[in-house]
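In UniProt numbering, the protein residues as written are 1 to 792.
We put the beta carbon where it would ideally sit given N, CA and C, even for glycine.
Just so we're clear, the structure is a prediction, and the values are computed from it rather than from any experiment.
For reference, the structure is listed below as structure tokens.
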Amino acid sequence: MRQLELRLGLVLYGGVSLAIYMHGVTRELLNLQRASRALHRVLKERLQGVEIDLELDGSVQAYYDLLESFSPKLDMRVVIDAISGVSAGGINAIMLARALAHDLPLKHHSDLWLTLADVNKLANEMYGFRKYAKPAVAPLVDKLLLLMGRDVSNNAETRSKLRDFLSSNWFTAPFSGERFAGWMVKACKAMDEYDRGTTLIPSGQRLELFVTLTDFYGVTRRIALRDPEFVEELDHRRILKFSAHHKVPGGLESQMGSDYIPDLVFAARATSSFPGAFKPMRIAEMDSILAANDLEWNNKDAFIKDILHAHHDEKGDRIFMDGGLVMNKPFEPLIESIAHRSAEREVVRRLLYLDPKPLALGAVPAEPKPPGFFRSVFASLSRLPHNRPIGDELQEIVNINMKVQRLKEVADAALPMVRREVRVLLGKHGYLPETERDFSGIHQGADLAAMEQAGFANAGYLQLRLRHLAQRLASLIFLLSDTQQAEEGSGWTQERVEELVVNALTFSQKVGGEVQLDQAKTLSELKRLDVDYRVRQLRFLIEQINTFYHHEEIVGSIECVRHLDAFKRDLYLQITHLRSRYSRVFYGKQTIHLAELLKKTGQRRNAVGEVLGLLFVRMGLPDLDRLTDSIVFEGVERLGGLRVAQEILEAYIGFPFFDTSMFPVQQALNAFELRKIEVGRISPIDAQLLCPGGVQLKGAQLQMFGAFFNEGWREHDYLWGRLNAAEQLVRLLRDVYDTHDGTVQRIKPEGDGHLRILLNEILDEEEGHLKTQSKLIQTCRERIDTVFSKSC
């Protein structure tokens, strides 16, 4: 069965009360990944001859049935591996990430939005003379309501709550951030009651979460120039990063569990501190919130230092505001995160962004007359910054895809020549090595053979590897010495250490009176410490193995498929071991002590050499090389006389030839993956099956605060979030399946029986839960019957 991994990266915008619509979307995204995980488990057990029964309900079961229907042609796994959120979207991003990392429900988050996110519950109490004086302006308020649209003026609940809101305290934030954060703490704790120690993150993979804040004071950044030497500027953007890694072995290592509730709630409260609506966020407020909820902040110092990057600076307690002020459409951190991701299967990468208030196609700006004084000021302070275009970010994805295409063209051109050279090399030793020792010898000889074949180009290749390795080792030394920045006048800079590392690893020789690079000795030194080369080699081998699932010798052979799966798991475990060499926890006190000494000693070159020697011993790369050789040799041997075994062997041994031609291109393009990133949007106007022309969200009224003033409006937007997401996710799954299956007759949405069942499952699930939407639910059922009866 062909295996495919659909990787999703999510971008969640700001939108105040439109967060409730986005929450409906995240419910379906969670259900889709939960269904995919369940099917993966069933198929895995089935390969072992075991059938298991799962208790799935609602839309989870519907997604499961759809994914299962793709078998036996395609085994598709859906994985959300990166989420970026800001403002209202940041809250939903955090809760979704927690649910994915720890296999938790989002029901309690739904209750927060639908029940508690009400203006009467959020608003601060009036006090003093204003409490009695301001209601006197009620007649004026009622006249203003008539100007706010028919939905507002005709709805008694909204009129009443808006009148009270406009009569509340002036010149202070009307909403209680402390109360809202307290609700989030309670929602997180309620979610954790369902924590069974499981995760929706696949083995060996990582989920990353990015939340954008606005630092009111800003942080000084230094930029190097020619003249003057540098300039300084204030950077008000803070991007907080949280991650959860499902290690093999080792289990889940997560910054999204119960111990990190204070960190995550602080991020949620800060990123959504809409100016004028909530007070800005600060550490002291979080302390009082936790005290009121009997919760300890055990890793407070680590959060402030390592995630918030605001540890006891000269400004004291920092102040943070809505992240949408500096980045309301947070594509940038997500693109950087997914550009270098790896996977166990063939991968399709999609970036989905949730836009609850998109610009309609063909929309034109309002009347062209020039704005007046106040209109210009108000637009510059509020509306215009929040309408930052996404064209630059999407163009960056286009550029990445162009680089990937160029890289693939170079790889396709290089592979036939690599195989030819490897076959010549193998022909000298016997086409298939008989012992593991023979295999290791051939593998080691391939490095020298590749160097000879590359000729004069090899010197440039070695220089690139030297520089890349020096940068990585210098970063590691800084990490081990726990140095964040250069000490004034010390000369302790990463650039200086990189130069010292290059000098320590470079060997020269005299040829005809000229000093030239001794390529053999330099290559030998590189091999001692070059972790990334080994990772590239294993990922290249995995990419080649992925292509063999479609080989005629493998298709239909369950035993061979199982073997390739196990083979790749062993290779990914080796990659995990290799990557651990760049983490601080891997190294002992002696290594860290030497790295610290590097700041103080005057003989820095000698100190660098001593540190590199100790790193070589601690890394133990030769032992890992022998283990990798053993894994590959056993993997090839178990495939017996199949032609696939020979091609896997050629890919592994031939990597030095391949890397000589590919690594310079990868460096030049800054692209290391052969996968394109395709972009999709989920919005109220993109899913029109149940509502032709798109949905008008109630929360978009009153400057996007509308849903906070009406319970029915909250339920309306939430339900449409689920229905819209369901329709668009099914279209996405069908598109991926049809594209990779080569299907000619594609199923239209209105002819998709699985989509019909899915939409009805959502309506069934919410019918007894939503108190005000019985009419909408009935209308949707009638629309489903009308639409699908034409084709189903």
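Take the alpha-carbon of V348 and the one of D235: they are about 35 Å apart.
Here D530 has R465, L469 as same chain residues with Cβ atoms under 7 Å from its own Cβ, once five neighbours each way along the sequence are excluded. Contact check for A687 and E727: beta-carbon distance about 4 Å, within the 8 Å limit, so the pair qualifies. In chain order, E711, G712, E715 place their CB closer than 7 Å to the CB of T772, counting only its own chain and leaving out the 5 sequence neighbours on each side.
For V42, the enclosing alpha helix (DSSP H) covers residues 19-47.
By the Cβ neighbour-count rule, V50 is exposed, with fewer than 16 other Cβ atoms within 10 Å of its own.
Burial check for M402: the Cβ neighbour count within 10 Å stays below 16, so the residue is exposed. With contacts defined by Cβ atoms closer than 9 Å, A187 and H102 do not form a contacting pair.
Taking the Cα of I631 as reference, the smallest distance to any Cα among D81, R569, Y587 is reached at R569. In the DSSP annotation of this structure, the continuous segment of the alpha helix (DSSP H) that includes H102 starts and ends at 87-102.
When the five nearest sequence neighbours on each side are left out, the beta carbons in the same chain lying within less than 7 Å of the beta carbon of L47 are those of I558, R562, in order along the chain. Measuring C-alpha to C-alpha distances from F655 to each of I542, A123, V25 identifies I542 as the nearest. Around the beta carbon of T271, 16 or more other beta carbons lie within 10 angstroms, which makes this residue buried. Secondary-structure assignment with DSSP links R221 through a beta bridge to E233. In the structure shown, S481 falls within a coil segment according to DSSP collapsed to helix, strand and coil. Where E767 is concerned, the enclosing alpha helix (DSSP H) starts and stops at 753-767. Per DSSP, Y194 is not a residue of any alpha helix (DSSP H), being assigned neither H nor E. Here G613 carries a helix assignment [DSSP, helix/strand/coil]. By the Cβ neighbour-count rule, N92 is buried, with 16 or more other Cβ atoms within 10 Å of its own.
CA-to-CA, the gap between S475 and E253 works out to about 23 Å. DSSP places I545 inside the alpha helix (DSSP H), whose first and last residues are 531-547.
Using a C-beta cut-off of 8 Å, the region 574-590 makes no contact with the region 498-505, since fewer than three inter-stretch Cβ pairs fall below that distance.
E650 and R423 do touch by the CB rule: their CB atoms are close to 7 Å apart, below 8 Å. Buried is the label assigned to D81, since at least 16 other Cβ atoms lie within 10 Å of its Cβ. Here DSSP, grouped into helix, strand and coil, assigns M704 to helix. The three-state reading of DSSP puts R350 in strand, counting E and B together. At least 9 Å separates the beta-carbon of L733 from that of I762. Under the three-pair Cβ rule at 8 Å, the region 200-208 does not count as touching the region 286-296. The beta-carbon separation of L614 and L594, rounded to 6 Å, stays under the 8 Å limit for a contact. By the C-beta criterion, the region 191-200 is judged not to be in contact with the region 57-74, since fewer than 3 inter-stretch pairs fall below 8 Å. Here the alpha carbon of I261 sits roughly 21 Å from the alpha carbon of I20.
In this structure, the CA atom of A97 is about 40 Å from the CA atom of R638. Here the alpha carbons of N120 and T212 stand approximately 28 Å from one another. DSSP places S59 inside the alpha helix (DSSP H), whose first and last residues are 58-69. As DSSP reads the structure, V585 sits in no beta bridge.
Across the structure, D192 and G257 are spaced so that their CA atoms are roughly 8 Å apart.
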